[in-house]
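Undergrad: Pasting a structure here, questions to come.
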Amino acid sequence: MKRTKSLAVVAGFAMVTLAACGGDGGGGNAGGNNPSEFINPESEFGKVADAEGPAPEVEGATTGGTITVAIPGDPGPEDLDPANGWSVLGNSIQQALTHRSLVQFRRDQETGAMELVPDLATDLGRPNEDFTEWTFTIKDVNWENGNPITAEEVKYGVERTFDSETFTSGPGQVYSVSNFDCGEGYTGPQDGDCPGITVDGQDITFKMQGPFPDMDFWSTFMAIGPIPLENSEFPAYGRMPLSSGPYKIKEFRVNESLTLEKNPEWDAASDPARHQYADEWVFKFDQDQEKTDQLLLSDSADAQTTVSNGLGATNVAALRDALGDNFIQQTGQCVSYRTPDYTKITDVNIRKAIAWGYDFENIVLAGGNIPGVTRIPASTIMPPGMSGRKEYFPDGEQFTYDPEKAKALLAEAGEEGYKLTFIYDDSDAEAKAAAEQEKKGYENAGFTVEMIPYQEDAYALWDDAESPINAKLNLRSVNWCSDWPSASTMIPPLVQSGQPYNTSYFSETEVDDRIKEIATLPLEDQAPAWGDLDELIGTKYFPMIPTAYRNDLFGAGSKIGGFTGDAAMSAIYYKDLFVIQ
């Protein structure tokens, strides 16, 4: 699903996650495993349409206490508006703790596998025969203020995601606009009601533009959830949105912290996945990596109730030994890419020269990661474990650092000394070191390089056609996890014309037409068709350079119980966490 808003800025632009849903080999807790092992992600999730609340109790769980979550090197979400939620970090927190949608993911405590279960809806949705209509029934549950959540509010929440001027890069711009039949030119509630979304009591029915069998997966997003009909204007609502989950927002300080407290209106009997064990949660953004690692290693009183959503590579062996079962290595369906500007770098040989000039191992090391462990050399748009994926190499073999091959390609293109311009975060030591290593590699490969220091949200910059800084760039990045286990959540957002995370500005009619065609194929034919399209894009056009498949390392202190990975979110599974009393 989703993107991690500013991670590219704070982690070197080439090595970070950008969307939200992925899978791992079975729950994500690899506490005793060899951390050099790449776990192949699972590509499917189970479905339990009749799951009911309350959620199964976690063995040994106790109530009370405060859980502190340290977020190294990520400034966190700019706002908490559900329509904007498309980041691994923001979605994993909000969907687990504060915001309910029609459907949700649950971790099976016995098998560790992720499964789709109802949330605000009574089931996983009831499609018609050809998946062009879906009906959901909303449970009788309340907002944090005691007001009932209605189907009309769900309708309004979904209609709101069409507003491309307000929510320029939210998931609705990909999935709502392309699937719900709201009529040509519909841009949200300001245009009135969407005729393709109808309400009858607590039933809500969605009419699609064509078959959409993945509506149950799309319904896990906050964007397919309720928004109050009044007092929900952006951006004010995004600072303090109403909660429907087990916790409500106590304080939100942008780029600093998020504090949650118990929501007394949450009804455990209506929720088959979430718990309300801790009294309070404190998320601390943009923390120093080394200080966070050393805190966990200290086993101090503060460390014992602290969770880290990212462990540093230099301390991984010590942390694995010290944390035991509270050390997690998780593989998600996530890929990092370098994206040459397709409108400027029009010769494929120059794009291939960039790939051969990308000094993967030294860039990864400089950025605080471990080659072959937390970052694995990539070759395809689709990640390992995704149904239909084909193993291929855009230039006939795996790209490695080969300056001489890059120089030869530049010479063939008649572009010796070609200038590359990209941004980097000069306020973060590891990000700066990685960028400098990347620059050095390109220069050794025959390029001229200009690096522009930039400390704000890189994705907002790359989406700004009026920015003079963006106009200078010809090399960007994108870092993406699948929204659900289908390439329909990988390829269209990254390469379809005009998509906000198409940071190469790639546009080819052949590819756009094929994307539309695949959605009309029989279900059993779609996965292999996506694999074929991946190979076509990579070998014929090569608009983006896959640099790394990703492993993430998570850790928690000795008094944190229920610590596991969330394979659906490529994140920590917050729903089961508790403080051991």
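Just so you know, our numbering puts the end of the sequence shown at 1705, numbered straight through with nothing missing. Here a beta-carbon is modelled for each residue, glycine too, at the ideal position from N, C-alpha and C. Keep in mind it's a predicted model, so treat the numbers as computed, not measured.
Go ahead and pull the three-state DSSP assignment for glutamate 1539.
TA: Correct three-state label for glutamate 1539: coil.
Undergrad: Return the first residue and the last residue of the alpha helix (DSSP H) that asparagine 1486 is part of.
TA: Start and end: 1484–1490.
Undergrad: Taking only three categories from DSSP, how would you classify tyrosine 1371?
TA: Correct three-state label for tyrosine 1371: strand.
Undergrad: Pick helix, strand or coil for threonine 1322, following the three-state DSSP scheme.
TA: Threonine 1322 falls in the strand class under three-state DSSP.
Undergrad: Should aspartate 1676 and glycine 1496 be called a contact, given that it needs their Cβ atoms to be closer than 8 Å?
TA: No, Cβ-Cβ distance for aspartate 1676 and glycine 1496 is not below 8 Å.
Undergrad: With distances taken from CA atoms, which of Lys1171, Ile1684, Gly1362, Ile1696 is nearest glutamine 1428?
TA: Ranking Lys1171, Ile1684, Gly1362, Ile1696 by Cα distance to glutamine 1428 puts Ile1684 first.
Undergrad: One question on the structure: do methionine 1668 and threonine 1463 come within less than 8 Å of each other, judged by their Cβ atoms?
TA: The answer is yes: Cβ separation under 8 Å.
Undergrad: Would you call the stretch 1635–1643 and the stretch 1569–1580 touching, i.e. three or more CB-CB distances under 8 Å?
TA: No: fewer than three Cβ pairs fall under 8 Å.
Undergrad: For the beta strand (DSSP E) that contains serine 1432, what are its first and last residues?
TA: Serine 1432 -> beta strand (DSSP E) spans 1430–1432.
Undergrad: Between the stretch 1593–1605 and the stretch 1624–1633, do three or more beta carbon pairs fall short of 8 Å?
TA: These segments touch.
Undergrad: Going straight from the alpha carbon of isoleucine 1217 to that of aspartate 1412, what length do you get?
TA: Rounded to the nearest angstrom, the two C-alpha atoms are 20 Å apart.
Undergrad: Using a Cβ-Cβ cut-off of 8 Å (strictly less than) and excluding sequence neighbours within five positions of arginine 1475, which residues of its own chain qualify?
TA: Excluding positions up to five away in sequence, the list reads Pro1464, Ile1469, Phe1666, Pro1667, Ile1669.
Undergrad: Tell me whether the beta-carbon of proline 1527 lies closer than 8 Å to the beta-carbon of glycine 1662.
TA: Going by C-beta atoms, proline 1527 is not nearer than 8 Å to glycine 1662.
Undergrad: Can you check whether the CB of threonine 1192 is closer than 8 Å to the CB of isoleucine 1373?
TA: Contact flag unset, no.
Undergrad: Looking only at its own chain, which residues have a Cβ that is under 6 Å from the Cβ of phenylalanine 1291, when we skip the five neighbours before and after it?
TA: Hits under 6 Å: Ala1207, Asn1208.
Undergrad: Rounded to a whole number of angstroms, what is the C-alpha to C-alpha distance between leucine 1657 and tyrosine 1461?
TA: Their Cα atoms are separated by approximately 17 Å.
Undergrad: Taking DSSP as the reference, what is the three-state secondary structure of serine 1160?
TA: For serine 1160, the predicted model reports a pLDDT of 42, less than 50, meaning its position is unreliable; a value from the coordinates is still stated below. Correct three-state label for serine 1160: coil.
Undergrad: Starting from the N-terminal side, write out each stretch of the alpha helix (DSSP H) that is 4 residues or longer and does not extend beyond the stretch 1357–1439.
TA: Within the stretch 1357–1439, the complete alpha helix (DSSP H) runs of at least 4 residues are 1360–1363, 1413–1422, 1425–1428.
Undergrad: Pick helix, strand or coil for arginine 1513, following the three-state DSSP scheme.
TA: Of the three classes helix, strand and coil, the one that applies to arginine 1513 here is coil, per DSSP.
Undergrad: For methionine 1346, which three-state DSSP category applies?
TA: In this structure, methionine 1346 counts as helix in the three-state DSSP scheme.
Undergrad: Roughly how many angstroms separate the alpha carbons of threonine 1383 and aspartate 1338, rounded to a whole number?
TA: The straight-line gap from Cα to Cα measures roughly 33 Å.
Undergrad: Could you check whether serine 1225 and glycine 1349 sit closer than 8 Å to each other, using their CB atoms as the reference points?
TA: Going by C-beta atoms, glycine 1349 is nearer than 8 Å to serine 1225.
Undergrad: Can leucine 1353 and tyrosine 1280 be called in contact, C-beta distance under 8 Å?
TA: Taking 8 Å as the Cβ cut-off, leucine 1353 and tyrosine 1280 qualify as a contacting pair.
Undergrad: Do three or more CB pairs link the stretch 1400–1407 to the stretch 1231–1238 at distances below 8 Å?
TA: Judged by Cβ distances under 8 Å, the stretch 1400–1407 makes no contact with the stretch 1231–1238, as fewer than three pairs qualify.
Undergrad: Determine the direct distance from the alpha carbon of serine 1682 to that of alanine 1442, and round the result to whole angstroms.
TA: The straight-line gap from Cα to Cα measures roughly 15 Å.
Undergrad: With respect to the beta strand (DSSP E) encompassing isoleucine 1615, which residues constitute its N-terminal and C-terminal limits?
TA: Taken as a continuous stretch (DSSP letters only), isoleucine 1615 belongs to no beta strand (DSSP E), being part of the alpha helix (DSSP H) at 1615–1619.
Undergrad: How many Å lie between valine 1323 and proline 1201 at the Cα?
TA: Whole-angstrom Cα-Cα distance: 32 Å.
Undergrad: Apart from the five residues just before and just after lysine 1699, which ones in its own chain have a Cβ nearer than 7 Å to its Cβ?
TA: Ala1220, Ala1397, Arg1398, His1399.
Undergrad: How about phenylalanine 1702 and valine 1182: do their beta carbons lie closer than 8 Å?
TA: Their beta carbons are under 8 Å apart, which means phenylalanine 1702 touches valine 1182 by this criterion.
Undergrad: Is it the case that the Cβ atoms of valine 1472 and tyrosine 1673 are separated by a distance below 8 Å?
TA: Cβ atoms of valine 1472 and tyrosine 1673: not closer than 8 Å.
Undergrad: Going along the chain, which unbroken runs of the beta strand (DSSP E) with 3 or more residues stay wholly within the stretch 1252–1327?
TA: Fully enclosed beta strand (DSSP E) runs of 3 or longer: 1257–1261, 1321–1324.
Undergrad: Please return the same chain residues whose Cβ sits closer than 6 Å to the Cβ of threonine 1545, not counting the five positions on each side in sequence.
TA: Closer than 6 Å at Cβ, skipping near neighbours: Glu1574, Lys1596, Leu1597, Asn1598.
Undergrad: Could you give the residue range of the beta strand (DSSP E) that holds glycine 1679?
TA: 1669–1680 is the span of the beta strand (DSSP E), which, as asked, contains glycine 1679.
Undergrad: State the Cα-Cα distance for the pair aspartate 1690 and lysine 1664, rounded to the nearest angstrom.
TA: Between aspartate 1690 and lysine 1664, the C-alpha separation is close to 36 Å.
Undergrad: Beta-carbon within less than 8 Å of leucine 1533's beta-carbon, same chain only, minus the 5 sequence neighbours each way: which residues are those?
TA: Only Asn1473, Ile1474, Lys1476, Ala1477, Trp1480 meet the Cβ criterion.
Undergrad: Hey, could you find the ends of the alpha helix (DSSP H) tyrosine 1461 is sitting in?
TA: It is not in any alpha helix (DSSP H) - tyrosine 1461 instead sits in the beta strand (DSSP E) that spans 1451–1464.
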